[in-house]
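Beneath this line is the structure, given in structure tokens, with notes to follow.
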Amino acid sequence: MKQEQFDPFSLVAEELSLVANRLRAMVVAEVPKLASAAEYFFKVGVEGKRFRPTVLLLMATALNVHLPEPAAASVGDTLTTDLRTRLQSIAEITEMIHVASLLHDDVLDDADKRRGIGSLNAVMGNKLAVLAGDFLLSRACVSLAALKNTEVVSLLATVVEHLVTGETMQMTTSSEQRCSMEYYMQKTYYKTASLISNSCKAIALLAGQTAEVAMLAFEYGKNLGLAFQLIDDVLDFTGTSASLGKGSLSDIRHGIVTAPILFAMEEFPQLHSVVYQGFDNPENIDIVLEYLGKSHGIQMTRELAMKHANLAAAAIDSLPESNDENVIKSRRALVDLTQRVITRNK
Amino acid sequence: MLFCRGFSRISTTPRKSLLGFILSRPTEPSQSLLSNQYLYSTIKVCGGRKAFSWSLPSLLGIGRQIHHSSSVIEEQFDPFSLVAEELSLVANRLRAMVVAEVPKLASAAEYFFKVGVEGKRFRPTVLLLMATALNVHLPEPAAASVGDTLTTDLRTRLQSIAEITEMIHVASLLHDDVLDDADKRRGIGSLNAVMGNKLAVLAGDFLLSRACVSLAALKNTEVVSLLATVVEHLVTGETMQMTTSSEQRCSMEYYMQKTYYKTASLISNSCKAIALLAGQTAEVAMLAFEYGKNLGLAFQLIDDVLDFTGTSASLGKGSLSDIRHGIVTAPILFAMEEFPQLHSVVYQGFDNPENIDIVLEYLGKSHGIQMTRELAMKHANLAAAAIDSLPESNDENVIKSRRALVDLTQRVITRNK
Chain A
1 MKQEQFDPFS LVAEELSLVA NRLRAMVVAE VPKLASAAEY FFKVGVEGKR FRPTVLLLMA
61 TALNVHLPEP AAASVGDTLT TDLRTRLQSI AEITEMIHVA SLLHDDVLDD ADKRRGIGSL
121 NAVMGNKLAV LAGDFLLSRA CVSLAALKNT EVVSLLATVV EHLVTGETMQ MTTSSEQRCS
181 MEYYMQKTYY KTASLISNSC KAIALLAGQT AEVAMLAFEY GKNLGLAFQL IDDVLDFTGT
241 SASLGKGSLS DIRHGIVTAP ILFAMEEFPQ LHSVVYQGFD NPENIDIVLE YLGKSHGIQM
301 TRELAMKHAN LAAAAIDSLP ESNDENVIKS RRALVDLTQR VITRNK
Chain B
1 MLFCRGFSRI STTPRKSLLG FILSRPTEPS QSLLSNQYLY STIKVCGGRK AFSWSLPSLL
61 GIGRQIHHSS SVIEEQFDPF SLVAEELSLV ANRLRAMVVA EVPKLASAAE YFFKVGVEGK
121 RFRPTVLLLM ATALNVHLPE PAAASVGDTL TTDLRTRLQS IAEITEMIHV ASLLHDDVLD
181 DADKRRGIGS LNAVMGNKLA VLAGDFLLSR ACVSLAALKN TEVVSLLATV VEHLVTGETM
241 QMTTSSEQRC SMEYYMQKTY YKTASLISNS CKAIALLAGQ TAEVAMLAFE YGKNLGLAFQ
301 LIDDVLDFTG TSASLGKGSL SDIRHGIVTA PILFAMEEFP QLHSVVYQGF DNPENIDIVL
361 EYLGKSHGIQ MTRELAMKHA NLAAAAIDSL PESNDENVIK SRRALVDLTQ RVITRNK
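Protein chains in written order, with the working numbering: chain A, 1 to 346; chain B, 1 to 417.
What follows is the structure in structure tokens.
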């Protein structure tokens with residue numbers, strides 16, 4: 001009952017629509033083909049789960065503790081509105097950067113499906129997909145610049161760099177690196193957690209928060225992102241069932257070694273040479289799956305995910321106290337999300 | 001670092017060697033505003049080459065008449081030499097900047113920055129010259145050392161624009177290479193042939209991301225905005241070219257818009273960025289913008305001509321790469337104005353190679369080449385005029401750099417390769 005009353009997504013649903021509409025307007029291009037390419041993943045129904053913007057908008061409210069007292073009500077309202085608009089802008093910028101990287105990743109992976117529909121590269125060609133990604137990135141940069149906050153520009157520029165580095169790490173992994181948990185965690189941070197950690201931090205900075213609070217926001221985002229990815233890795237093996245082998249096995253089929261296997265390798269050192277060889281030989285996949293089933297790899301990954309989820313929740317709990325009802329609700333929602341991320345089964 | 005395709009984005013062969021034209025004595029008669037007919041008939045005759053050399057425009061910028069000049073003056077006044085040392089500095093920093101955590105990516109991104117392959121460095125040259133040309137109001141140093149530091153810092157920031165511009169340019173080349181399946185770029189295997197399409201996409205992304213980080217480090221959001229817009233324009237221009245309809249193919253307006261996006265926007269906006277970082281007024285920034293824009297347009301128009309004429313003044317010796325890719329450029333668009341019957345041929349497109357022959361025949365009969373050169377000269381003069389309109393300065397370096405910038409406007413249109 002309590003859970004139904006408390007849907008973190010509903011707290012920001014209205015605002016999300018606003019953000020979504022503004023996003024759609026922002027990616028309009030003058031050349032028709034470019035326009036349809038750029039808008040492809042922002043169309044109604046295809047926007048994805050909007051997880052990232054939800055987190056950011058909740059964070060915006062969760063940090064809304066020291067809004068300037070309005071001298072006159074209207075002036076204060078304008079300031080508040082302006083600040084809120086700026087924070088929403090971070091959500092829009094983050095989404096544009098995210099989708100841009102998806103478009104390029106799909107080209108790099110020869111993917112044909114994304115978000116339940118054909119990938120852009122499959123539908124309109126690699127050419128247009130790469131260009132559309134560049135276009136979205138440039139639009140994101142223009143929006144960033146408009147915020148006139150050079151630290152925020154720097155943060156999100158770093159995100160762009162991390163996304164590329166992470167993808168490259170994945171594409172150019174050596175046999176040695178394939179077997180390394182450290183390499184995997186670093187890559188995961190770059191590919192998944194950096195975007196949300198740095199955009200959470202950007203929200204805090206724009207909201208005029210202290211460096212300490214900004215760091216807490218960063219830690220929330222980072223740990224949430226890592227928890228999310230670890231469960232993602234588990235689900236690729238287990239699918240919607242708790243047991244092995246029902247998942248899509250997409251990672252291992254692409255030769256990508258994730259946490260469950262890395263943990264299994266710690267338990268069964270003989271697995272090391274198999275993984276080192278790689279998965280061009282499909283028999284190696286079967287061998288690894290067999291060992292994975294015998295090992296505690298899945299469980300240990302879930303435990304690690306929970307550890308990160310708890311760190312994220314702890315970051316929220318460490319925020320400066322507030323009696324504001326909205327602030328309290330949003331913080332509860334953010335903590336709630338950390339649990340949803342690790343208990344989801346798809 | 002100029003990558004010779006940089007200004008000729010619509011072609012896929014690296015044909016425009018700026019270094020070549022800088023080092024060689026121009027053997028084509030250059031245009032003067034008053035003798036177009038003479039020029040045209042000279043080209044038509046294609047007889048013995050008349051060796052006109054070109055002079056330095058006067059400091060007051062009066063007229064662009066080409067006189068015989070002594071080659072001694074010319075050698076003294078090589079605009080590229082004014083910034084050669086600084087260019088090396090920029091080049092080294094650029095190479096250092098693309099070193100990344102992941103070795104494979106670093107070698108991919110460096111691919112085009114390795115010594116010997118950097119291209120002609122035209123764009124950074126323009127930007128560094130512009131930086132000096134605008135250096136009119138440096139803050140008076142309170143103590144000599146403090147002032148020196150400020151000056152050094154500012155200069156470093158301006159050099160950074162040159163680096164960022166080159167990264168954006170190469171990133172778009174890399175992505176274009178993926179797109180167009182170009183197999184030869186700058187005399188070496190293009191990155192995608194050598195290292196795979198995917199790595200080229202990634203390497204381009206990497207350079208873009210590094211450009212973003214360097215831009216952010218300048219802590220000037222207007223400059224971020226300017227150069228982000230450049231990326232948008234590059235993409236828009238390329239997409240315009242990819243998706244040209246039959247109607248649009250016949251349109252001079254569409255062509256000029258596309259040319260601005262693909263070629264001139266980068267240099268115009270980076271010139272403007274130089275001015276803004278140098279603390280100049282909006283008016284001066286606009287003049288810098290106009291210089292870059294007109295220089296870029298002039299360059300592309302001559303590029304279009306050379307694709308037909310090659311190193312000879314006559315038609316048909318060029319690589320004809322544009323038309324073979326179905327790209328209609330200024331000379332043909334002008335020819336179409338003269339011979340309306342050409343319109344339907346161009347409208348059909350060039351899948352049928354006979355159409356190429358027909359168009360070339362008409363082009364030869366028309367004034368298309370000449371009119372394109374005239375338009376290029378018009379833009380070159382506009383560029384020179386922008387420099388001449390800059391606030392006066394008595395500083396010797398400022399004067400030299402401005403002269404160099406004006407000189408470049410002439411070199412751009414008199415080159416023959």
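Don't be surprised by glycine CBs; every beta carbon is placed ideally from N, CA and C.
Nothing here was measured: the structure is a model prediction, and the numbers come from that model.
Practice prompt. Answer with yes or no whether the minimum CB distance from glutamate 353(A) to chain B is below 8 Å.
Written response: Coverage of chain A is limited to positions 1 through 346, which leaves residue 353(A) absent and any answer about it impossible.
Fill in: Cα-Cα separation, aspartate 280(A) to aspartate 236(A)
Position 280 of the first sequence, counted from the start, is the residue given in the question as residue 280(A). Position 236 of the first sequence, counted from the start, is the residue given in the question as residue 236(A). Near 19 Å, if we compare the C-alpha coordinates of aspartate 236(A) and aspartate 280(A).
Item to complete: Output the boundary residues of the alpha helix (DSSP H) element that contains alanine 309(A).
Response: As a first step, residue 309(A) is located in the first sequence; it is residue number 309 there, counting from the start. Where alanine 309(A) is concerned, the enclosing alpha helix (DSSP H) stretches over 297–317.
Worksheet item: Within the 8 Å Cβ cut-off, does glutamate 92(A) reach chain B?
Response: Working through the first sequence from its first residue, we reach residue 92(A) at position 92. Not an interface residue.
Worksheet item: Mind pulling the chain A residues with CB within less than 8 Å of serine 225(B)?
Response: Here residue 225(B) refers to the residue found at position 225 when the second sequence is read from its first residue. Neighbours of serine 225(B) on chain A, chain order: Cys141, Val142, Ala145, Ala146.
Discussion item. Measuring straight from C-alpha to C-alpha, what distance separates alanine 312(A) and leucine 144(A)?
Written reply: Taking the first sequence and counting its residues from 1, one reaches residue 312(A) at position 312. Taking the first sequence and counting its residues from 1, one reaches residue 144(A) at position 144. If you take the alpha carbons of alanine 312(A) and leucine 144(A), they lie about 26 Å apart.
Worksheet item: What does aspartate 82(A) touch in chain B if you count any residue whose Cβ is under 7 Å from its own?
Response: Residue 82(A) sits at position 82 when you count from the first residue of the first sequence. Simply none; closest approach about 16 Å.
Discussion item. Within the continuous alpha helix (DSSP H) that includes leucine 147(A), where are the two ends?
Written reply: Indexing the first sequence from 1 puts residue 147(A) at position 147. Looking at the DSSP string, leucine 147(A) is not in any alpha helix (DSSP H), and its letter there is neither H nor E.
Worksheet entry | Residue ranges of each alpha helix (DSSP H) within the stretch 250–283 of chain B, 4 or longer | 252–259, 265–277
Worksheet item: Skipping 5 residues on each side, what residues in its chain have a beta carbon closer than 7 Å to that of threonine 236(B)?
Response: Position 236 of the second sequence, counting from 1, holds the residue named residue 236(B). Excluding residues within five positions, the ones whose Cβ falls inside 7 Å are Tyr261.
Worksheet item: Is the stretch 274–294 of chain B touching the stretch 387–401 of chain B in the sense that three or more CB pairs, one from each, lie closer than 8 Å?
Response: yes
Worksheet item: How is the alpha helix (DSSP H) around serine 10(A) delimited, first residue to last?
Response: As a first step, residue 10(A) is located in the first sequence; it is residue number 10 there, counting from the start. Per DSSP, serine 10(A) belongs to the alpha helix (DSSP H) from 8–11.
Discussion item. Against chain D, does aspartate 134(A) count as a neighbour if the rule is that its beta carbon must be under 8 Å from one of theirs?
Written reply: You won't find chain D in this structure, because its protein chains are A and B.
Worksheet item: If we call anything under 8 Å between Cβ atoms a contact, is arginine 22(A) one with glutamate 95(A)?
Response: As a position in the first sequence, residue 22(A) is number 22, starting the count at 1. As a position in the first sequence, residue 95(A) is number 95, starting the count at 1. No; because the gap between Cβ atoms is not below 8 Å, this pair is not in contact.
Item to complete: Run the proximity test for threonine 165(B): is its beta-carbon closer than 7 Å to any non-hydrogen atom belonging to the ligand SAM?
Response: Inclusion of the ligand SAM in the displayed structure is not the case, the ligand content being empty and no account of it being possible.
Worksheet entry | Rounded straight-line distance, which links the Cα of leucine 56(A) to that of leucine 342(B) | Within the second sequence, the letter at position 342 stands for residue 342(B). Within the first sequence, the letter at position 56 stands for residue 56(A). Those two C-alpha atoms are separated by around 58 Å.
Worksheet entry | Neighbour list for threonine 150(A) in chain B, Cβ cutoff strictly below 8 Å | Locating residue 150(A) in the first sequence gives position 150, counting from the first residue. Those are Ala216, Lys219, Asn220, Thr221, listed as they occur along chain B.
Worksheet entry | Collapsed DSSP secondary structure at phenylalanine 210(B) in the structure displayed | Position 210 of the second sequence, counted from the start, is the residue given in the question as residue 210(B). The amino acid at residue 210(B) is misidentified as phenylalanine; the sequence shows arginine. It is helical.
Item to complete: Could you tell me whether the Cβ of phenylalanine 289(B) comes closer than 8 Å to any Cβ of chain A?
Response: Numbered from 1 along the second sequence, position 289 holds the residue referred to as residue 289(B). Chain A contact via Cβ: absent.
Worksheet item: In the structure shown, what three-state DSSP assignment does tyrosine 113(A) receive?
Response: The count along the first sequence starts at 1 and reaches residue 113(A) at position 113. Note that residue 113(A) corresponds to lysine in the displayed sequence, not to tyrosine. The answer is strand: DSSP assigns lysine 113(A) an E or B state.
Fill in: Cβ-based burial, serine 250(A) [other Cβ within 10 Å; buried from 16]
Along the first sequence, read from residue 1 onward, the residue named residue 250(A) stands at position 250. Answer is exposed; the Cβ neighbour count stays below 16.
Item to complete: In angstroms with no decimal places, state the Cα-to-Cα distance between valine 126(B) and alanine 380(B).
Response: Within the second sequence, the letter at position 126 stands for residue 126(B). Within the second sequence, the letter at position 380 stands for residue 380(B). Near 14 Å, if we compare the C-alpha coordinates of alanine 380(B) and valine 126(B).
Worksheet item: Does the beta-carbon distance from alanine 216(B) to valine 153(A) come in below 8 Å?
Response: The count along the second sequence starts at 1 and reaches residue 216(B) at position 216. The count along the first sequence starts at 1 and reaches residue 153(A) at position 153. It is a contact, given that the beta carbons lie within the stated cut-off.
Practice prompt. Would you decide whether alanine 282(B) is buried or exposed? Buried here means 16 or more other CB atoms lie within 10 Å of its CB.
Written response: Stepping through the second sequence from its first residue, residue 282(B) is reached at position 282. The residue is exposed, with fewer than 16 neighbouring Cβ atoms inside 10 Å.
Worksheet item: chain A partners of lysine 262(B), CB-CB under 9 Å?
Response: Residue 262(B) sits at position 262 when you count from the first residue of the second sequence. Neighbours of lysine 262(B) on chain A: none; closest Cβ ~12 Å, over 9 Å.
Fill in: C-beta atoms of glycine 221(A) and serine 197(A) nearer than 8 Å
Translated into positions along the first sequence, residue 221(A) becomes position 221. Translated into positions along the first sequence, residue 197(A) becomes position 197. Their beta carbons are under 8 Å apart, which means glycine 221(A) touches serine 197(A) by this criterion.
Worksheet item: Is there at least one Cβ from chain A nearer than 8 Å to methionine 256(B)'s Cβ?
Response: Your numbering for residue 256(B) matches position 256 in the second sequence. So, not an interface residue.
Item to complete: Measure from the alpha carbon of threonine 85(A) to the alpha carbon of each residue in Ala13(A), Ala60(A), Phe42(A), Thr188(A), then state which is nearest.
Response: As a working note, residue 85(A) is residue 85 in the first sequence. Among Ala13(A), Ala60(A), Phe42(A), Thr188(A), the Cα nearest to that of threonine 85(A) belongs to Ala60(A).
Discussion item. List, in chain order, every chain A residue whose beta-carbon is nearer than 8 Å to that of aspartate 78(B).
Written reply: Translated into the one-based positions of the second sequence, residue 78(B) becomes position 78. Near aspartate 78(B) there are no residues of chain A at all, since even the closest Cβ is about 36 Å away, more than 8 Å.
Worksheet item: Going along chain B in order, which residues have a C-beta closer than 7 Å to the C-beta of valine 164(A)?
Response: For this step, residue 164(A) is matched to residue 164 along the first sequence. The contacting residues are Leu202, Asp205, Phe206, Ser209.
Discussion item. By the three-class DSSP mapping on this structure, what secondary structure does phenylalanine 118(A) have?
Written reply: The residue given as residue 118(A) occupies position 118 in the first sequence. The question names phenylalanine, but residue 118(A) is glycine in the sequence shown. Residue state, collapsed to three classes: strand.
Worksheet item: Taking DSSP as the reference, what is the three-state secondary structure of aspartate 322(B)?
Response: On the second sequence, residue 322(B) is found 322 positions in, with the first residue counted as 1. If DSSP states are grouped into helix, strand and coil, aspartate 322(B) belongs with the helices.
Worksheet entry | Cutoff 8 Å: leucine 137(A) Cβ touching any chain B Cβ | Position 137 of the first sequence holds residue 137(A). True, the Cβ-Cβ gap to chain B drops below 8 Å.
Worksheet item: Do you know how far the Cα of threonine 301(A) is from the Cα of proline 260(A)?
Response: By one-based count along the first sequence, residue 260(A) stands at place 260. By one-based count along the first sequence, residue 301(A) stands at place 301. Cα to Cα, the separation comes out at about 6 Å.
Discussion item. I want to verify the contact list: residues of chain B whose CB lies under 9 Å from the CB of glutamate 167(A), in sequence order.
Written reply: Taking the first sequence and counting its residues from 1, one reaches residue 167(A) at position 167. Neighbours of glutamate 167(A) on chain B, chain order: Leu202, Asp205.
Practice prompt. Output the residue ranges of the alpha helix (DSSP H) runs that lie fully inside the stretch 206–244 of chain A and measure 4 residues or longer, sorted by chain position.
Written response: 211–238
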